Structures are given as C-alpha cells and as structure tokens.
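Residue numbers (this note's numbering): 2 to 384.
Glycine included, C-beta positions come from ideal geometry on N, C-alpha and C.
Keep in mind the model is a prediction, meaning the values are calculated, not measured.
First the structure, in the form of structure tokens, and then the observations on it.
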Ligand SMILES: [Zn+2]
C-alpha cells in the first residue's frame with residue numbers, strides 16, 4: 002500500500018504541475034507525460050544500429066536514421082503554423098486561422114480525419130497507450146468474446162513489451178500507431194513529427210513484421226501541419242468522435258471513478274438510435290484502473306447491448322488492408338455493421354483457430370493494483 006500511495010501521489014504531483022494543460026485538453030488525456038523530463042538526454046548521441054531512441058523522449062532529428070526518413074517527405078508542402086506550447090489552446094481560440102483546423106482547439110475535422118464508423122449502431126472499439134503489463138487481461142477478455150479492437154501502440158511501450166504486442170497482433174487485433182513518446186504533436190517541429198511516427202512504425206514492424214497505416218495523435222492534438230506530414234508518410238489519421246471520451250484516463254489521477262466512466266458510457270447507449278453514424282470511443286490500456294473499468298464496467302454492459310456492434314476501426318470502415326503489406330493477421334469479417342458479423346460480441350465464443358475459450362477459466366480481474374502495475378505506474382507518467 003505504501004508503494005501504491007507513493008505512486009498515486011507522484012502521479013498527482015505530476016498532474017498538478019500540469020493543471021493548465023489539463024484544462025486545455027478536455028477532449029484528450031491529461032498531460033502526465035515526462036515532457037523533456039530530467040531523464041531525457043539533452044545532448045544528442047546517435048541511436049546505435051538495432052537500437053531505439055530513449056523511451057518516452059522525443060527522438061533527436063539529427064540522427065542518420067531520421068535524416069533518411071526525412072527524405073520521404075517534402076516538408077515545404079506542410080502548412081506553416083508555429084508549434085504550439087505543449088498543445089495548449091491559445092485564448093481566445095478565435096485568433097487561430099480557420100485553415101489551421103486544430104482538432105482540440107478549434108474542434109475542426111479535416112475531410113479525411115476518421116472520427117466515426119459509418120454504420121449507425123457501430124462502435125469503433127479502440128484502446129490507446131499500450132502495450133502494458135495490464136494489456137493481457139484486456140486481450141484475454143476480448144479473445145473470450147471473439148472481439149477485435151484497434152490498438153493504438155506507443156513505440157516506447159512496443160519495445161518495452163514486445164511479446165504483448167506480438168500476442169495482440171497474432172490474435173487479429175488491428176495494430177496502429179500512437180507515436181514514440183506520446184507528446185502533443187502540434188508542439189513539435191516538422192522533423193520531430195516525422196521522427197515520432199517513423200520510429201514507432203519501425204518499432205512495431207520489428208515486432209510484428211507489418212507496417213500500420215493508421216495512427217492516432219496523442220490527446221487528439223492535430224492540426225493541418227501535423228496532418229499534412231502524417232499523410233505524406235502514408236498514414237490515415239484516426240481520432241475519436243467528439244464527446245465520446247470515456248475519461249478512463251482520469252481514474253488514475255483521481256478525477257474520474259469507474260462508476261462515472263460506466264455512467265458516461267451508458268448515456269451514449271441511449272443516444273445510439275438518434276445518431277446518423279456509428280461512433281469511435283477513446284479508451285486506454287496503460288494503467289490497471291483503465292483495464293479494470295473496461296473489464297468490470299464498460300465491456301460487460303456493451304456485450305449485453307444487442308443494438309451495439311463493436312468493431313475495430315479497419316473493420317467498421319470495411320478496410321481489409323490496414324497495413325502497408327496488406328491484411329496481415331487482420332481478417333475483415335462479414336459486411337460492415339452487420340450485427341451477425343463474426344466480430345460481434347459474445348455470440349461467437351470461438352477464436353480464429355476454432356479453439357473454444359471458456360471465459361470462466363480466464364484469470365479473474367484484479368480489483369487492486371498488482372505489483373507489476375505499481376512498477377509501471379512508478380516508472381511512467383504517460384497517459
Ligand atoms: Zn494516448
């Protein structure tokens with residue numbers, strides 16, 4: 002308990018030092034990240050062959066590998082907007098040029114932003130910030146229900162837990178990019194944005210052998226400049242439906258409870274019949290509490306809601322090739338939004354190999370923080 006108290010206190014300390022940022026991110030996560038923290042090297046050293054940049058730190062752009070990647074883009078084509086101050090919106094936001102189309106600050110969506118699933122009643126199921134020591138508990142549950150999700154992977158987590166990422170891929174989840182160090186993309190230079198995306202792409206490729214074509218900016222923080230660079234790199238920008246944030250990321254910081262998250266989720270269920278499209282929800286699998294609320298709160302309700310079809314984003318968009326190399330392990334099943342789809346809920350308890358999974362045989366969800374989570378919380382302040 003002492004360890005847990007220390008950890009929570011540390012998280013709150015980090016949170017309180019970023020309060021101005023929290024208020025600016027009503028549509029994103031809290032800034033618990035160690036932005037240019039003391040553990041990030043200030044002086045450039047090249048990344049050794051076969052190695053990666055320092056985890057949770059913005060990679061150096063003078064690295065020869067990054068210089069190679071920069072040849073893939075024409076940064077003169079990127080619209081010029083000054084990097085933001087850690088993603089914080091200026092006051093008033095009306096001072097921003099319309100063409101900047103900054104999602105968090107101007108609530109602006111570009112025509113090619115993916116923010117909904119087309120078919121009404123379809124929930125684009127996504128989990129961000131993993132893989133973590135708690136991800137396997139989530140994967141166990143999804144496997145037991147033959148349920149696939151889109152997993153937005155942080156590069157620093159991918160190299161920390163490669164076996165977990167490999168498992169997710171092998172089980173047919175849709176693997177996507179969530180940057181290397183989980184910083185606000187609008188706060189970075191053009192070159193840093195390239196480095197964040199390409200190092201993550203490489204880290205994921207090195208583990209699963211395919212290159213994701215979808216990415217999600219941390220905190221939903223994206224404007225026309227960031228979009229242009231991501232698009233030049235061949236990435237599809239997938240955010241979430243405005244207002245469909247479970248706030249599960251606020252449980253570790255103490256400003257949301259499992260009950261409030263489930264209550265929020267239930268209010269959306271009542272909206273389903275009135276929506277003209279499906280929706281994409283923001284959820285996470287970094288912290289134990291986030292996985293706990295998914296397993297004990299949100300997913301059980303969702304599985305029981307017969308009017309709801311949960312699908313990974315590639316599935317709801319009817320995209321059978323979510324990787325540069327093609328389908329990989331991802332299987333497009335049924336027609337998009339069809340409630341009888343094999344991706345649907347608990348009606349198909351077999352996994353892709355035909356193996357019968359007995360949910361009762363799976364490990365019980367831990368109601369308290371386990372040792373591994375404490376270590377994770379102590380070593381990371383990224384949400
Ligand atoms: Zn995130």
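Which of the three DSSP states is assigned to residue i in this structure?
i, result
"residue 198", "helix"
"residue 89", "strand"
"residue 123", "strand"
"residue 150", "coil"
"residue 249", "helix"
"residue 331", "coil"
"residue 314", "helix"
"residue 64", "coil"
"residue 105", "helix"
"residue 94", "helix"
"residue 128", "strand"
"residue 277", "coil"
"residue 39", "Since pLDDT at residue 39 reaches only 48, below the 50 mark, its modelled position is unreliable, and no value is offered."
"residue 283", "strand"
"residue 237", "strand"
"residue 115", "strand"
"residue 140", "helix"
"residue 324", "strand"
"residue 304", "helix"
"residue 72", "coil"
"residue 256", "coil"
"residue 56", "coil"
"residue 263", "helix"
"residue 100", "helix"
"residue 50", "coil"
"residue 135", "coil"
"residue 145", "helix"
Tell whether a beta-carbon distance below 7 Å holds between residue i and residue j.
i, j, result
"residue 217", "residue 80", "no"
"residue 323", "residue 214", "yes"
"residue 330", "residue 173", "yes"
"residue 314", "residue 239", "yes"
"residue 219", "residue 180", "yes"
"residue 126", "residue 150", "yes"
"residue 85", "residue 187", "yes"
"residue 153", "residue 135", "no"
"residue 208", "residue 159", "yes"
"residue 241", "residue 283", "yes"
"residue 223", "residue 104", "yes"
"residue 42", "residue 55", "yes"
"residue 230", "residue 194", "yes"
"residue 286", "residue 97", "no"
"residue 76", "residue 191", "yes"
"residue 156", "residue 204", "yes"
"residue 90", "residue 106", "yes"
Hey, would you say the C-beta of residue i is under 6 Å away from at least one heavy atom of ligand 2?
i, result
"residue 266", "The ligand content of the structure shown is limited to ligand 1, which means ligand 2 is not among them."
Between the segment 191-202 and the segment 50-69, are three or more C-beta pairs nearer than 8 Å? yes
Quick check on the contact list: which residues have their beta carbon closer than 5 Å to a heavy atom of ligand 1? 129, 130 and 219
Touch test, the segment 52-60 against the segment 175-189, Cβ-Cβ under 8 Å, three pairs minimum: yes
Alpha helix (DSSP H) segments (min. 4 residues) lying fully within the segment 149-226: 156-161, 163-171 and 191-209
Does the structure place the segment 112-119 close enough to the segment 276-285 that three or more beta carbon pairs sit under 8 Å? yes
Pair every Cβ in the segment 241-253 with every Cβ in the segment 279-298, then say whether three or more of these pairs are closer than 8 Å. yes
Cβ contact check for the segment 302-322 and the segment 134-154: 3 or more pairs under 8 Å: yes
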